[in-house]
């Protein structure tokens with residue numbers, strides 16, 4: 356009987372332990388999913404509320420009850436595909452919301468389910484309570500200081516050095532042939548040779564920089580802040596630059612696209628109504644906003660955004676820098692040939708893609724274990740004709 360009692364107690368302990376572990380695991384997973392759902396909704400919050408009424412798009416409260424999950428997944432991933440396919444519900448929603456297109460979202464089915472669960476379980480009272488406990492927002496300063504690594508002043512300038520060296524050459528020549536204060540001629544020759552070497556190096560460096568415009572930061576026709584749009588409001592780059600995945604150029608957003616948000620947002624914290632009014636004027640006069648292109652490459656260089664963004668899966672900030680911290684857009688990288696080649700030599704290619712099936716030698720090396728990965732330079736990333744006409 357004593358043995359039976361011990362076995363029974365042991366089983367009870369195991370049961371309690373497993374139950375506690377299961378509950379803890381479930382609570383942890385639920386908490387993680389809730390946080391992920393909150394993060395996913397950050398993008399949606401630019402146009403939608405949950406129980407707060409219509410913003411730019413419809414209120415999402417109860418959306419899980421209005422449509423089935425399979426349809427919602429398709430609509431959230433690519434609403435325009437359903438509209439173009441003639442889906443009655445999608446077409447109706449599109450018309451009810453002033454034909455404002457919802458940008459496609461690169462989300463998996465499970466991520467959409469997590470997002471829908473967050474919307475279904477959203478509790479506005481908890482959000483208000485947590486918001487009250489947070490620290491008050493910092494006052495926005497009009498004298499915005501960019502991070503030190505973005506300042507043009509940090510770039511080395513050779514003009515002053517060149518002038519000083521040129522003056523040294525002239526003084527050495529003047530003393531050698533006219534004043535003759537220094538009797539040892541080899542001193543003049545050493546000064547002249549060193550100066551010529553330094554000037555030559557400066558000329559080479561400056562010649563290499565012709566056509567490059569690192570730290571170029573033009574004043575735009577509208578004081579558009581990437582820091583506010585991409586940083587604070589978490590607007591996805593592809594929402595405005597929608598052709599980056601399928602075209603050579605990333606594209607410039609139209610005035611109509613700006614109005615998707617600015618039909619509601621009519622005043623900014625820093626500029627008030629002055630800058631946003633320029634968008635309305637552009638729409639009223641049917642005059643496009645003449646944005647100034649910041650990132651330029653020479654005419655003989657071919658560069659495709661689609662090839663890098665869609666195929667290469669390169670994130671925007673790898674080339675454009677921390678855009679989400681910039682009030683005024685600046686070219687951070689020099690976009691030089693060496694800069695591109697260095698990337699091609701280290702960037703790994705998704706070699707399972709059927710496009711690379713003809714590279715038989717490389718496939719053999721991978722299969723034999725001789726090579727663990729393939730970089731861009733091995734599939735033409737260093738061929739002149741790939742980038743130059």
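In our numbering, the protein residues as written are 356 to 744.
Note that CB positions come from ideal geometry on N, CA and C, so glycine has one too.
Quantities reported herein were computed from a predicted structural model and do not represent experimental measurements.
- Within the same chain, Cβ atoms closer than 6 Å to the Cβ of residue 397 are found at 589, the five residues on either side in sequence being excluded.
- Taking the Cα positions, residue 548 is about 49 Å away from residue 581.
- As computed with DSSP, residue 730 is found in a beta bridge with 703.
- The bridge partners DSSP lists for residue 627 are 623.
- Residue 647 and residue 540 have their alpha carbons spaced roughly 55 Å apart.
- For residue 438, the enclosing alpha helix (DSSP H) covers residues 434-439.
- Straight across, the Cα-Cα distance linking residue 719 with residue 672 is about 35 Å.
- When C-beta atoms of the segment 661-679 are compared with those of the segment 559-570, fewer than three pairs fall below 8 Å, so the two segments do not count as touching.
- Using a 10 angstroms sphere on the CB of residue 723, the tally of other CB atoms stays under 16, which defines it as exposed.
- Note on geometry: alpha-carbon atoms of residue 659 and residue 696 lie some 15 Å from one another.
- By the CB criterion at 7 Å, residue 449 and residue 438 fall inside the cutoff.
- The C-alpha of residue 529 is placed about 12 Å away from the C-alpha of residue 546.
- Counting only residues of its own chain and dropping the five nearest sequence neighbours on each side, residue 517 has a CB closer than 7 Å to the CB of 554 and 557.
- Inter-residue distance for residue 471 and residue 456 is about 20 Å (C-alpha atoms, whole angstroms).
- In the structure shown, the three-state DSSP call for residue 656 is strand.
- Put simply, the backbone Cα of residue 467 is about 41 Å away from that of residue 725.
- For residue 473, the enclosing alpha helix (DSSP H) stretches over residues 464-476.
- The C-alpha of residue 551 lies about 46 Å from the C-alpha of residue 661.
- For residue 542, the uninterrupted alpha helix (DSSP H) run begins and ends at 540-563, by DSSP.
- Where residue 589 is concerned, there is no enclosing alpha helix (DSSP H), because DSSP gives it neither an H nor an E.
- Using a Cβ distance threshold of 7 Å, residue 655 and residue 744 count as a contacting pair.
- Boundaries of the alpha helix (DSSP H) harbouring residue 718: 715-722, taken from the DSSP string.
- With a cutoff of 7 Å on beta-carbon distance, residue 413 and residue 594 are scored as not near each other.
- When 732, 632, 566 and 701 are compared, the shortest CA-CA separation from residue 619 is found for 632.
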